[in-house]
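In what follows, a structure is listed as structure tokens, so that the remarks can point back to it.
2 protein chains.
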Amino acid sequence: MTVMSKRELSRQDRRRRILEAARHLVEQQGAAGLSMRALAASVGISAVTAYAIFGSKAGILRAIVEEDRARFAVMMDRAGVGHGIDSIFRLLTLACDLYRDKESFYRAVFQQYFSAGGVEIREILDPGRHRLWHGIVSGMADEGLFAIPVDPHLLTSQLENIFLAAHMRWCLRGTGVDLLEQEIGLGFAMLVKAIAIPEHQAYLGSLIERFGDRLLASAAALPVEGPGPPAGQG
Amino acid sequence: MTVMSKRELSRQDRRRRILEAARHLVEQQGAAGLSMRALAASVGISAVTAYAIFGSKAGILRAIVEEDRARFAVMMDRAGVGHGIDSIFRLLTLACDLYRDKESFYRAVFQQYFSAGGVEIREILDPGRHRLWHGIVSGMADEGLFAIPVDPHLLTSQLENIFLAAHMRWCLRGTGVDLLEQEIGLGFAMLVKAIAIPEHQAYLGSLIERFGDRLLASAAALPVEGPGPPAGQG
Chain C
1 MTVMSKRELS RQDRRRRILE AARHLVEQQG AAGLSMRALA ASVGISAVTA YAIFGSKAGI
61 LRAIVEEDRA RFAVMMDRAG VGHGIDSIFR LLTLACDLYR DKESFYRAVF QQYFSAGGVE
121 IREILDPGRH RLWHGIVSGM ADEGLFAIPV DPHLLTSQLE NIFLAAHMRW CLRGTGVDLL
181 EQEIGLGFAM LVKAIAIPEH QAYLGSLIER FGDRLLASAA ALPVEGPGPP AGQG
Chain H
1 MTVMSKRELS RQDRRRRILE AARHLVEQQG AAGLSMRALA ASVGISAVTA YAIFGSKAGI
61 LRAIVEEDRA RFAVMMDRAG VGHGIDSIFR LLTLACDLYR DKESFYRAVF QQYFSAGGVE
121 IREILDPGRH RLWHGIVSGM ADEGLFAIPV DPHLLTSQLE NIFLAAHMRW CLRGTGVDLL
181 EQEIGLGFAM LVKAIAIPEH QAYLGSLIER FGDRLLASAA ALPVEGPGPP AGQG
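Chains as they are written, first to last, in UniProt numbering: chain C, 1 to 234; chain H, 1 to 234.
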């Protein structure tokens, strides 16, 4: 082993330890609590070294998201997400399985996402997520699964609307991943059924009823009535 | 005129002036910039008097939302929102007309809604909005417009998911009310078409195509590709 490769090994090792510590810090204090100084101190290196490896706090968040993306791609390959009317539901289940594995970490990431200062994390998460889903949605369009032509970018944005708002409820209410998955599943099934070809209508209708039944079985899915008088502002 | 009624008139007048000043402060500085002290100073009364009338800052926000609710109810009556497959689209148009009238004020309210400290404004807006839309959605169900039974609370929550996420994009991107209305309109049309009875399928399909075409005509509706490498985390 040459000196260079030892150095490289040590760099890789520091990189891995910094990312592990960063995940831990985010889990404990939210993404806002992630400071280069605290991070460097927690792994026993100087802040200068941490900056040299990752460039910035955004660089660390980006590296974490990329680690997850790689892990997610392996999961997608294994599960064979790629095609058919079920592909977006398989994608949803995979994402939720990832959350189940590290729920407090992902909840902290999305809490930061929905905070006023969450610009960085949105800029890192959003384009990547849009590209991934757009790929799946374009594939479904190419397979001829849609009877009404909706631009794949626009359909992807609507799926993201359901996805994001359900995540906001998840963060605000502290409900579990199962409820998140069912709420998004119901919305996805409705959006896809609206434009699907006739042969998938009955199946998607049964998904809508199944997700609806599961949600109704959970009291947390129904709105908590506020104490105030009716205040209906659109 | 008795002394009592003069006093009452003066109280009503102070109340009106405080609410006007509050709307102005929110428009200028966001709902977070609304302090009882600043508000009282701006209308030349003591903070004690402002507290005596409204109880708290949340009381002032609630009073503003209730003023809007009353205004919105008059608009709804005039427009005859109440029934038919178009009722949620009429409701959407009315809400957007309200925004067009005072865009910077409503944008500030929703910016506060999506900030970490927006608990108060969410607690004031959400139950009232859910009740209003649930009323419309329940009415549509009672009219027999839906072929697939979805609990009206669950359908309302899905409509709110589209509504809220589109508002988040509106706040973050600074795009106009027209785009907001078309994005929500597309999502609403898709959600309703998924469960609508056969006689409304063609009409809702045409709405989906119309909203889609309008959105495609606006470059802002399409995603801005981020500069970073693909980072696809579900």
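The C-beta atom is built at its ideal place from N, Cα and C for all residues, glycine as well.
Spell out the partners DSSP gives residue i in its beta bridges.
i	result
residue 196(C)	146(C)
Considering just the uninterrupted stretch of the alpha helix (DSSP H) at residue i, what are its terminal residues?
i	result
residue 60(H)	57–79
residue 172(H)	152–173
Quick one: what does DSSP say residue i is sitting in, helix, strand or coil?
i	result
residue 215(H)	helix
residue 116(C)	coil
residue 49(H)	helix
residue 39(H)	helix
residue 225(C)	Because residue 225(C) sits at a pLDDT of 48, beneath the cut-off of 50, its placement in the model cannot be relied upon, and the point is left open.
residue 102(C)	coil
residue 185(H)	helix
residue 85(C)	coil
residue 176(H)	coil
residue 44(H)	coil
residue 139(H)	helix
residue 34(C)	coil
Please work out which residues of its chain come closer than 8 Å, Cβ to Cβ, to residue i, disregarding the five sequence neighbours upstream and downstream, and give them in chain order.
i	result
residue 71(H)	98
residue 88(C)	133, 136, 137, 140, 159, 188, 192
residue 203(C)	85
residue 100(C)	177
residue 156(C)	130, 133, 134, 137
residue 147(H)	195, 196, 197, 198
residue 34(C)	22, 25, 26, 57, 60, 61
residue 19(C)	60, 63, 64, 67
8 Å is my cut-off, CB to CB: does residue i come that close to chain H?
i	result
residue 88(C)	no
residue 151(C)	yes
residue 53(C)	no
residue 102(C)	no
residue 7(C)	no
residue 209(C)	yes
residue 22(C)	no
residue 39(C)	no
residue 19(C)	no
residue 212(C)	yes
residue 12(C)	no
Establish whether the CB of residue i and some CB of chain C are separated by less than 8 Å.
i	result
residue 186(H)	yes
residue 114(H)	yes
residue 160(H)	yes
residue 140(H)	no
residue 148(H)	yes
residue 174(H)	no
residue 195(H)	yes
residue 166(H)	yes
residue 36(H)	no
residue 33(H)	no
residue 144(H)	no
residue 216(H)	yes
residue 307(H)	Residue 307(H) falls outside the range modelled here, since chain H spans only 1 to 234, and no answer is possible.
residue 154(H)	yes
residue 191(H)	yes
residue 205(H)	yes
residue 1(H)	Low per-residue confidence applies at residue 1(H): pLDDT is 45, beneath 50, and the placement is therefore not dependable enough to give any value.
Here's a check: name, in chain order, each residue in its chain whose Cβ is nearer than 7 Å to the Cβ of residue i, leaving out the five neighbours to either side.
i	result
residue 13(H)	none
residue 30(C)	108, 111, 112
residue 27(C)	104, 105, 108
residue 230(C)	Low local confidence applies: a pLDDT of 37 at residue 230(C) is under 50, so the model's placement there is unreliable, with the coordinate-based value given in what follows. Same-chain partners within the cutoff: there are none.
residue 36(C)	47, 50, 51, 57
residue 171(H)	107, 110, 111, 114
residue 168(H)	114
residue 190(C)	208
Using C-beta distances below 6 Å, list every residue in its chain close to residue i, excluding the 5 sequence neighbours before and after it, in chain order.
i	result
residue 54(C)	60
residue 124(C)	61, 62, 65
residue 96(C)	177, 181
Determine, for residue i, whether the minimum Cβ-Cβ distance to residues of chain D falls below 8 Å.
i	result
residue 91(H)	The chain labelled as chain D is not found among the protein chains of the depicted structure, namely C and H.
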